[in-house]
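> I have a structure here, written as structure tokens, and I will follow up with some questions on it.
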Amino acid sequence: MSTDLFCEIIAGDRPAHVVHSDEVAVSFLDARPVFKGHVLVVPRVHVETLADLADVGPFFERVQAMARAVEEGLEAAGTFVAMNNRVSQSVAHLHVHVVPRNKKDGLRGFFWPRTTYSSTEEAESYAAMIAKAL
Numbered sequence: 250m251s252t253d254l255f256c257e258i259i260a261g262d263r264p265a266h267v268v269h270s271d272e273v274a275v276s277f278l279d280a281r282p283v284f285k286g287h288v289l290v291v292p293r294v295h296v297e298t299l300a301d302l303a304d305v306g307p308f309f310e311r312v313q314a315m316a317r318a319v320e321e322g323l324e325a326a327g328t329f330v331a332m333n334n335r336v337s338q339s340v341a342h343l344h345v346h347v348v349p350r351n352k353k354d355g356l357r358g359f360f361w362p363r364t365t366y367s368s369t370e371e372a373e374s375y376a377a378m379i380a381k382a383l
């Protein structure tokens, strides 16, 4: 049994502003939100990454519902939905960020630099390496 921060919230051993809870996932406000209304959706079962989650469908149904609820409930123009796997993952328990967005809210695209492929052949070789791993 894991004892990470999110497992403690799920067990009710640590306080959180819970937005929704069911047999699949628990959703609560991020303690350090990008914008007010920033929600974390976490699976009840302890898994570290998306690759570790056995039943992805029901979990992402909860993420989808939360994205709708954040937009509707906060009258947001949209949402930013994001997940880290290991790198930049502040808690080693799978979690999805659902952040309310509005035009001119100050959040500028992605937080990392972009790159380009040197050629079509290089891009095709990356696509082939990933496809082979599937």
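Residue numbers (this note's numbering): 250 to 383.
Positions of the beta carbon are idealized from the N, C-alpha and C atoms, including for glycine.
The model shown is predicted, which means the values in this text are computed figures rather than measured ones.
#1: Do you know offhand how far valine 384's Cα is from alanine 372's?
#2: Quick one: what's leucine 289 bridged to in DSSP?
#3: Note down, in chain order, each residue of its chain lying with its Cβ closer than 7 Å to the Cβ of isoleucine 258, except the 5 sequence neighbours on either side.
#4: Less than 9 Å between the C-beta atoms of histidine 342 and phenylalanine 255, yes or no?
#5: Under 7 Å Cβ to Cβ from valine 348, same chain only, skipping five residues before and after it: list those, please.
#6: Got a sec? Which residues, its chain only, sit under 7 Å from arginine 335 by beta carbon, not counting five neighbours each side?
#7: State the start and end residues of the unbroken alpha helix (DSSP H) segment that holds alanine 331.
Let's see:
#1: Any question about residue 384 goes unanswered here, given that the chain covers just 250 to 383.
#2: The residue you call residue 289 lines up with position 40 of the sequence shown. Partner(s): Phe277, His346.
#3: In the sequence shown, counting from the first residue as 1, residue 258 sits at position 9. The residues are Ala265, Val275, Phe277.
#4: Stepping through the sequence shown from its first residue, residue 342 is reached at position 93. Stepping through the sequence shown from its first residue, residue 255 is reached at position 6. Cβ distance < 9 Å, so histidine 342 and phenylalanine 255 count as in contact.
#5: Sequence index remark: in the sequence shown, residue 348 carries index 99 (1-based). Only Val283, Phe284, His287, Thr328, Phe329 meet the Cβ criterion.
#6: Working through the sequence shown from its first residue, we reach residue 335 at position 86. So the list reads Thr298, once near-sequence residues are dropped.
#7: Looking up residue 331 in the sequence shown gives position 82. Careful: alanine 331 lies outside any alpha helix (DSSP H), inside the beta strand (DSSP E) at 327–331.
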